[in-house]
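Chains as they are written, first to last, in the UniProt record's numbering: chain A, 1 to 337; chain B, 1 to 337. We put the CB at the ideal spot given by N, CA and C, even for glycine. See structure below.
Number of protein chains: 2
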Amino acid sequence: MDVKICLIGMGVVGTSFLQLLKEKEEFFERKFDLNFIVNSVFEIDGALIKEDGIDLKELLNKNKNIRNLPYWKNGVKPIDFMSKLAINVCIETTPTNHKTGEPGLSHIIEALKNQIDVISSNKGPFYLEYEKIKNLAKENNCILKYEATVASSVPTLSIRKNLIGNEILSIKAILNGTNNYILSRMTAENVNFAFALNEAQEFGYAETDPTLDIEGYDAAGKLVIIANDLLGWSKSINDVKIEGISKITPQAIELAKSEDYVIKHLGIAESNELIVEPVLIEKSSPLNINGTLNVIELQTKYAGPIILIGRGAGGFEAGSAIINDLVNIGIKRQTKS
Amino acid sequence: MDVKICLIGMGVVGTSFLQLLKEKEEFFERKFDLNFIVNSVFEIDGALIKEDGIDLKELLNKNKNIRNLPYWKNGVKPIDFMSKLAINVCIETTPTNHKTGEPGLSHIIEALKNQIDVISSNKGPFYLEYEKIKNLAKENNCILKYEATVASSVPTLSIRKNLIGNEILSIKAILNGTNNYILSRMTAENVNFAFALNEAQEFGYAETDPTLDIEGYDAAGKLVIIANDLLGWSKSINDVKIEGISKITPQAIELAKSEDYVIKHLGIAESNELIVEPVLIEKSSPLNINGTLNVIELQTKYAGPIILIGRGAGGFEAGSAIINDLVNIGIKRQTKS
Numbered sequence: 001m002d003v004k005i006c007l008i009g010m011g012v013v014g015t016s017f018l019q020l021l022k023e024k025e026e027f028f029e030r031k032f033d034l035n036f037i038v039n040s041v042f043e044i045d046g047a048l049i050k051e052d053g054i055d056l057k058e059l060l061n062k063n064k065n066i067r068n069l070p071y072w073k074n075g076v077k078p079i080d081f082m083s084k085l086a087i088n089v090c091i092e093t094t095p096t097n098h099k100t101g102e103p104g105l106s107h108i109i110e111a112l113k114n115q116i117d118v119i120s121s122n123k124g125p126f127y128l129e130y131e132k133i134k135n136l137a138k139e140n141n142c143i144l145k146y147e148a149t150v151a152s153s154v155p156t157l158s159i160r161k162n163l164i165g166n167e168i169l170s171i172k173a174i175l176n177g178t179n180n181y182i183l184s185r186m187t188a189e190n191v192n193f194a195f196a197l198n199e200a201q202e203f204g205y206a207e208t209d210p211t212l213d214i215e216g217y218d219a220a221g222k223l224v225i226i227a228n229d230l231l232g233w234s235k236s237i238n239d240v241k242i243e244g245i246s247k248i249t250p251q252a253i254e255l256a257k258s259e260d261y262v263i264k265h266l267g268i269a270e271s272n273e274l275i276v277e278p279v280l281i282e283k284s285s286p287l288n289i290n291g292t293l294n295v296i297e298l299q300t301k302y303a304g305p306i307i308l309i310g311r312g313a314g315g316f317e318a319g320s321a322i323i324n325d326l327v328n329i330g331i332k333r334q335t336k337s
Numbered sequence: 001m002d003v004k005i006c007l008i009g010m011g012v013v014g015t016s017f018l019q020l021l022k023e024k025e026e027f028f029e030r031k032f033d034l035n036f037i038v039n040s041v042f043e044i045d046g047a048l049i050k051e052d053g054i055d056l057k058e059l060l061n062k063n064k065n066i067r068n069l070p071y072w073k074n075g076v077k078p079i080d081f082m083s084k085l086a087i088n089v090c091i092e093t094t095p096t097n098h099k100t101g102e103p104g105l106s107h108i109i110e111a112l113k114n115q116i117d118v119i120s121s122n123k124g125p126f127y128l129e130y131e132k133i134k135n136l137a138k139e140n141n142c143i144l145k146y147e148a149t150v151a152s153s154v155p156t157l158s159i160r161k162n163l164i165g166n167e168i169l170s171i172k173a174i175l176n177g178t179n180n181y182i183l184s185r186m187t188a189e190n191v192n193f194a195f196a197l198n199e200a201q202e203f204g205y206a207e208t209d210p211t212l213d214i215e216g217y218d219a220a221g222k223l224v225i226i227a228n229d230l231l232g233w234s235k236s237i238n239d240v241k242i243e244g245i246s247k248i249t250p251q252a253i254e255l256a257k258s259e260d261y262v263i264k265h266l267g268i269a270e271s272n273e274l275i276v277e278p279v280l281i282e283k284s285s286p287l288n289i290n291g292t293l294n295v296i297e298l299q300t301k302y303a304g305p306i307i308l309i310g311r312g313a314g315g316f317e318a319g320s321a322i323i324n325d326l327v328n329i330g331i332k333r334q335t336k337s
């Protein structure tokens, strides 16, 4: 079966996705009879459009500027082309405005209105307008997947299917690698917050403007997405009680340590409430994960805690989550047709 | 769709499965249009057989001996009835002989030969005769599921589907809760092996004859099952290099501790080799999990390690894994029909 793909955003995640697709496309055709055809790639200033499919080798050739390819169209927007191109799946990987969710939100809405399945690595639309997007997908019989928005390739959302025989009751998670790195360094080296942040910036873990991370907004967005998906809630980021990590002192960390505790920045979804805040946890807890790792603890009804740990960020990590969503959509569409 | 079930073995796991099924059967009918009908339950000395379905409430009534129910048949064996009853799924939960895999192995083979899908919580057949069972399932177009054999409801095997966009390269795991409890206690309390084993026995974590656990045979069996399933190997337990934990001294644990290491009993599947042995790991490693928990670290090609942690044993834990396998078989058979 042919699956025609429109990719919006060719940054780190979009490019990693294309590289992985190129690496594995033959395998997917052989194993699942799925023939993935990328027929459009949108960037901020225009797009590559080729109805019969873009040659991924040409597209990923680092010595060529994609804007010099013969099928580059200057200035075109996805919003204008979505209804004109034959597209089965739209993959949204643009950077998002955390207050409006744009431009990703409009891309997703336009795709769904045109009966195009959507895969997104773009958190904003989902923590701001989940209910709207979900309903729109339902009305248009579209599949909506967004594993990469939460903890990259750690199967946080898709694990729901593996637990049909169980019930997920609540969630505790460390969802921001930058903050976890900073707290881990403060704990291990007894340095202050500013020093650890500076180090995280030098290593490229923290942005130049780290506000969204350290104030807890990024983790809160991911927590909303997980809770809505796994617990069946319909919350937005405005429902989260958020406290960041910038006020944590080396003294507080020392005090915790002396009692065999550590301070971790947890997202908690429990009893219909969403909270992101620094929390004392026992040193021996599986939630005591160091470095930039993410951890998600699902409290289940029949098997206690089930815990997932892995890298929460990175191009190939997110790219492989997108590929996974894509193959699953392909298989689902195959059995339905 | 009706799904007719034969359960073999009504011990802790089999009974927990029935209780969960009773609790959730209405939900599954409503949500997935799957109507589960248990039409036979085999015990060692006979069976309950009722073609139109056994009333689960009656079956689970603790005040009644199932052998007094009117549809109890004394002395009948699953092997004689498998071809006569209308059965879609056979659920195998008998205790196994670790050298022969019997009686589970024969039950599974008989079910597959009769085109009956199989779910098993019974490790023996899979670590002894995986190739044979797998091929038989293939020849007969049967679905074969055995999530509960490895780490109960922790989705160790079913996670392969969540990682289609990635590749699993190798595995490290703690797969035996008894051994992990013993080593955790030896590390925390500086007691010797015999003391910790005795404690584990008192708490019911270790069997009266703990040989299969402490000598590493149980962990080796599970490692074989994971490696065959996730890495596509065709090994048996005879291919595993096994070393148990009974020779570990408090001195060795102290020495490790002083260097910020702990001793854990790991199963490792890497470079076409299977090993179960005590290994030094860093204290801060996510593999450093305490108590009776299991941990499975999958090294992936595109996203580094992805780690799963949870309870590796328990009736409801295994029961919910079986239910999960069952619903997935139901859904698969629905879309195929």
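Note down the Cα distance separating residue i from residue j, rounded to an integer number of angstroms.
i, j, result
"LYS283(A)", "ALA256(A)", "9 Å"
"PRO305(A)", "PHE81(B)", "39 Å"
"PHE42(B)", "LEU231(A)", "37 Å"
"ALA194(A)", "VAL262(A)", "19 Å"
"GLU92(A)", "ASN272(B)", "39 Å"
"LYS332(B)", "ASN141(B)", "12 Å"
"ASN68(B)", "LEU59(B)", "11 Å"
"PRO155(B)", "GLU23(B)", "21 Å"
"GLN334(A)", "LEU34(A)", "9 Å"
"LEU136(A)", "SER16(A)", "29 Å"
"SER258(A)", "ILE164(B)", "44 Å"
"GLN201(A)", "ASP45(A)", "29 Å"
"ASP2(A)", "LYS161(B)", "21 Å"
"THR149(A)", "PRO210(B)", "45 Å"
"ILE49(B)", "ASN39(B)", "6 Å"
"HIS98(A)", "GLY124(A)", "6 Å"
"LEU223(A)", "ILE143(A)", "21 Å"
"LYS77(A)", "ASP260(B)", "56 Å"
"GLU51(B)", "MET10(B)", "18 Å"
Leaving out the 5 sequence neighbours to the left and right, which residues in its chain are closer than 7 Å to residue i when beta-carbon positions are compared?
i, result
"TYR205(B)", "GLY177, THR178, TYR181 and THR292"
"GLU317(A)", "SER152, SER153 and ARG311"
"ILE253(B)", "MET186, THR187 and ILE263"
"ALA227(B)", "ILE171, TRP233, LYS235, ALA269 and LEU274"
"ASN114(B)", "MET82 and SER83"
List the residues that DSSP assigns as beta-bridge partners of residue i.
i, result
"ALA47(B)", "PHE42(B) and LYS73(B)"
"ILE306(B)", "GLY310(A) and LEU298(B)"
"PHE193(A)", "In DSSP, PHE193(A) forms no bridge with anything."
"ASP2(B)", "ASN35(B)"
"LYS172(B)", "ILE268(B) and GLU297(B)"
"GLU282(A)", "TYR261(A)"
What residue from the options has the CA that sits closest to residue i's CA?
i, options, result
"SER152(B)", "ALA303(A), GLY53(A), SER120(A) and LYS172(A)", "ALA303(A)"
"LEU280(B)", "ILE54(B), LEU266(B) and ASN272(B)", "LEU266(B)"
"PHE126(A)", "GLN115(A), HIS107(A), GLY101(A) and ALA111(A)", "GLY101(A)"
"THR300(B)", "LYS99(B), ASP229(B) and LEU169(B)", "LEU169(B)"
"LYS134(B)", "LYS31(B), ASP325(B) and VAL118(B)", "VAL118(B)"
"PRO70(A)", "ASP55(A), GLU139(A) and SER320(A)", "ASP55(A)"
"GLN19(B)", "LYS123(B), ALA313(B), SER320(B) and ASN166(B)", "SER320(B)"
"GLY244(B)", "LEU223(B), ALA47(B) and PRO278(B)", "PRO278(B)"
"LYS57(A)", "ALA47(A), ILE37(A) and VAL76(A)", "ILE37(A)"
"ILE322(A)", "CYS90(A), LYS64(A) and PHE27(A)", "CYS90(A)"
"GLY213(B)", "ASP52(B), ALA313(B), GLY75(B) and VAL327(B)", "It is Asp, not Gly, that sits at residue 213(B) in the sequence shown. When each option's Cα is compared against that of ASP213(B), the closest is ALA313(B)."
"LEU197(B)", "ILE159(B), SER246(B), LYS132(B) and ASP229(B)", "SER246(B)"
"LYS4(B)", "LEU21(B), VAL12(B) and VAL13(B)", "LEU21(B)"
"GLU139(A)", "LEU112(A), PRO95(A) and LYS62(A)", "LEU112(A)"
Go through its chain and collect everything with a Cβ distance to residue i's Cβ below 8 Å, but skip five positions before and after it.
i, result
"ILE79(B)", "SER106, HIS107 and GLU110"
"VAL327(B)", "PHE28, PHE32 and LEU34"
Below 6 Å CB to CB, which residues in the same chain sit around residue i once its five sequence neighbours on both sides are set aside?
i, result
"VAL295(A)", "ILE174, LEU287, ILE289 and ILE309"
"ILE242(B)", "GLY216, ALA220 and VAL276"
"PRO250(B)", "ASN190 and ASN192"
"ILE116(B)", "ILE87 and CYS90"
"ARG131(B)", "A quick correction: the sequence has Glu, not Arg, at residue 131(B). Only SER234 meet the Cβ criterion."
>> For a minimum of 4 consecutive residues, which ranges assigned as the alpha helix (DSSP H) are wholly contained in the region 196 to 272 of chain B?
In response: 211 to 214, 217 to 231 and 250 to 258
> What beta strand (DSSP E) runs, 3 residues minimum, are completely inside the region 79 to 104 of chain A?
Replying inline: 89 to 92
> Which full runs of the alpha helix (DSSP H) of 4+ residues lie inside the region 138 to 167 of chain B, going along the chain?
Replying inline: 148 to 151
> If you scan the region 106 to 134 of chain B from start to end, which runs of the alpha helix (DSSP H) of 4 or more residues do you find wholly inside it?
Replying inline: none
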